[in-house]
Structures are given as structure tokens and as C-alpha cells.
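Okay, structure first, notes after.
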Amino acid sequence: MDHVLEKIDPRHVALWGQHTVKLRHTLADQEMFSDESIAGLIDTVDPSHLKIETMPDDGYDVRAWSSCDRTGLTGMQVLEAVRNGRIWIELKALEEIDDRFADVLSSLYGELETDLPFKTFKRKLNLLVSSPNARVFYHFDVPGQTLVQLRGRKRIWIYPPTAPFLRPESVENTVRSVATEGLDYQEWFDDYAEVHDMEPGDLLHWALNGPHRVANYDTLSVSLTTEHWTPQVRRSYALNYGNGILRSHAHWRPRSQATTGAAFWAKAAMTAAWRASGMQRKQSYRWVPGHRIDPDAPNGVQPIEPAEPAAQAQG
Ligand SMILES: [Fe+2]
């Protein structure tokens with residue numbers, strides 16, 4: 001693959017990892033991001049790689065998002081519903097199943113790691129396709145990440161990764177997959193946000209765990225998101241995992257956010273033991289579809305009627 005990134009300046013090197021960096025890329029016109037190609041992916045990927053959601057027109061509560069079932073529809077029909085509705089699709093970890101995406105991911109990180117001060121040991125590439133005016137509510141992500149805009153325009157608000165925008169308890173609950181509540185969001189947070197308009201050809205990277213929310217302009221949006229793990233991301237994960245266990249099971253208030261030193265490594269060891277014990281699996285959260293894709297319905301989705309309660313066994 002030809003060069004993916006345009007020029008990286010000394011300022012980008014200085015800012016990388018601590019602050020938001022906006023770069024330019026050359027991927028937007030590739031055939032692999034056309035409607036035909038995306039519809040083909042929707043038709044063929046294993047369901048474990050496909051996540052379809054819808055969201056209400058207003059409010060900020062991530063719990064109001066609802067998973068969508070697309071049984072019986074072709075990829076093109078699903079895309080049509082996205083174009084006219086209020087739908088967000090994520091095709092996850094495409095590098096695992098499609099050589100074109102594996103190539104994009106390795107080229108992109110090859111160039112980033114050549115010119116910028118970081119090294120990753122795990123990377124993932126997701127394709128996002130979302131409706132005109134669709135919104136992603138206030139949240140944060142655990143790994144390091146980039147947003148790569150390909151088609152359409154969106155605005156992203158990025159907030160500092162510290163209280164009150166992001167409380168330590170929220171990070172701990174999320175890394176342990178016990179949280180289903182959204183982060184607390186107040187409209188005045190926007191006074192402290194960085195606002196970036198993403199056009200085709202833009203790539204954005206921001207400080208680890210920085211909370212963000214997104215609103216599409218009146219255009220269908222196609223983007224890539226990458227997730228990456230570095231030694232620093234892994235240390236932060238282990239620290240938050242350990243602090244979360246202590247906070248919820250030992251009635252202890254973690255004071256240390258240090259990612260070096262004996263206290264940190266004790267927590268990291270406890271994290272590994274806890275995960276191995278299987279406790280974590282029992283507490284993780286599951287999603288159930290609440291809507292069905294329907295290209296003819298308003299917003300492109302129909303609510304699924306709650307299932308009849310199963311007949312109770314006698315006696
Ligand atoms: Fe995100």
C-alpha cells in the first residue's frame with residue numbers, strides 16, 4: 001500500500017500521547033470504503049464482527065442506545081436504512097478477516113510508529129458507518145485510539161481524561177466490564193472540550209481515555225477507528241482493574257494512580273489472579289437487541305415487542 005499519512009511535523013511528535021493530534025491521510029478514496037464494498041462486508045462477516053445500534057433523537061444517556069437485528073436484509077438494504085435512518089454500524093476487527101483492512105492497519109501503524117514516539121503490541125481496525133445526524137453519546141474507550149474520517153463529516157468533542165469529566169470509578173468499572181451506566185455528562189462540560197470537525201482525509205488521536213462524544217453532520221459518515229495497546233495502556237488497564245476490585249470488594253478507597261512501584265505491581269498481580277478466577281466473566285454485561293432494521297420505518301428501525309414471558313413450570 002502507498003503512503004497512508006501525509007507529513008508529520010515536529011509539533012505532532014511533541015504532542016503525541018498527551019494531547020490531541022490531527023493528521024492527514026490518503027485513504028478516503030479507496031474502493032474498499034464504497035457502498036458496494038461495505039454492503040459486501042455486512043453480507044459476509046461473521047455476526048460477532050457486526051454491531052448495529054440505534055439511538056434516540058435527543059438526550060445523552062448511553063443506556064438509550066439499542067442493539068438492532070438485521071435478519072433477512074441484504075447489506076445494501078441495511079445501508080439504505082442507515083442512509084435514511086438513525087443507525088450506527090460497527091464492523092469490528094476487520095484486520096482479522098479481510099486482507100485489505102489488515103494491510104491498511106499495518107501500513108498506518110508502521111508509519112505512525114516510525115515517526116512518533118510510541119510502540120504498540122496489539123492493534124485493531126473497525127469500520128464505522130452511521131446515519132446523517134447520528135450521535136454517539138458521551139463515553140470513553142479503554143485502549144489508545146485514532147479516528148480516521150473517510151466519507152461525510154462529523155464533529156467530535158474531546159474532554160480531559162480527569163475528574164469531573166472522567167472519575168476513577170468510571171474507568172475501573174469499565175475495564176472490569178461491570179458498568180452499564182453512562183458517564184455523568186453535563187452540558188457545561190462543553191466549555192472545557194476541544195471541538196474538532198472531521199472531514200474526509202482527517203485522522204485524530206487524543207490523550208488516553210479522553211471522554212468524547214460525536215455528532216454527524218447531515219451526511220452519511222464512514223470512518224475507521226483504530227484501537228491500540230502500548231505498555232503504558234496495559235499498565236493503566238491493570239492499575240484500574242486492581243483499584244476497581246479493591247474499591248468494590250474490600251471497601252477500600254484507592255488513593256494511588258501510580259503505574260510504577262510496588263503498590264502498582266501488587267495490583268497488577270491481583271488483576272491477573274482475579275481474571276483467571278472467572279469472577280470477571282460472571283459480572284460482565286450482555287446486550288440484547290431491542291430493535292429490528294426496517295428500511296421503510298421512521299429512523300430505519302422498528303422496536304422489537306418484548307417476548308411473551310415463558311410459561312411457568314407447574315408446581
Ligand atoms: Fe469512542
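Just so we're aligned: the sequence shown equals residues 1 to 315 in the working numbering. We put the beta carbon where it would ideally sit given N, CA and C, even for glycine. Here the structure is a predicted model, which means the values were calculated and not measured.
- Around ligand 1, the residues whose beta-carbon falls short of 6 Å from at least one of its heavy atoms are 139, 141 and 212, given in chain order.
- If the five residues before and after residue 18 are omitted, its C-beta is found closer than 7 Å to the C-beta atoms of 207, all from its own chain and listed in chain order.
- Of the other Cβ atoms in all chains shown, 16 or more fall within 10 Å of the Cβ of residue 185; this residue is therefore buried.
- Ranked by Cα distance from residue 99, the options 119, 125 and 245 are led by 125.
- Judged by beta-carbon spacing, residue 96 lies beyond the 7 Å limit of residue 105, meaning their Cβ atoms are not closer than that value.
- When 242, 144, 139 and 172 are compared, the shortest CA-CA separation from residue 156 is found for 139.
- Inter-residue distance for residue 292 and residue 267 is about 43 Å (C-alpha atoms, whole angstroms).
- With a threshold of 16 other beta carbon atoms within 10 Å, residue 59 falls short and is exposed.
- Excluding five sequence positions before and after residue 223, the CB atoms of its chain that fall closer than 7 Å to its own CB belong to 128, 147, 148, 149 and 150, given in chain order.
- For residue 249, the closest alpha carbon among the candidates 176, 85, 122 and 259 is that of 176.
- DSSP places residue 258 in the coil class of the three-state scheme, outside both helix and strand.
- For residue 77, there is no enclosing beta strand (DSSP E); the residue is found in the alpha helix (DSSP H) stretching over 75 to 84.
- Distance between residue 54 and residue 6, taken at the CA atoms: about 35 Å.
- Pairing residue 215 with residue 86 gives a Cβ-Cβ distance that is not under 7 Å.
- If you ignore the 5 residues before and after residue 290, its C-beta comes within less than 7 Å of the C-beta of 66, 67, 303 and 304, all in its own chain and listed in chain order.
- Rounded to whole angstroms, the gap between the alpha carbons of residue 15 and residue 70 is 42 Å.
- With fewer than 16 other Cβ atoms inside 10 Å of its own Cβ, residue 44 counts as exposed.
- Assigned with DSSP and collapsed to three states, residue 214 falls in strand.
- Taken atom to atom, the span from the alpha-carbon of residue 108 to that of residue 212 is near 23 Å.
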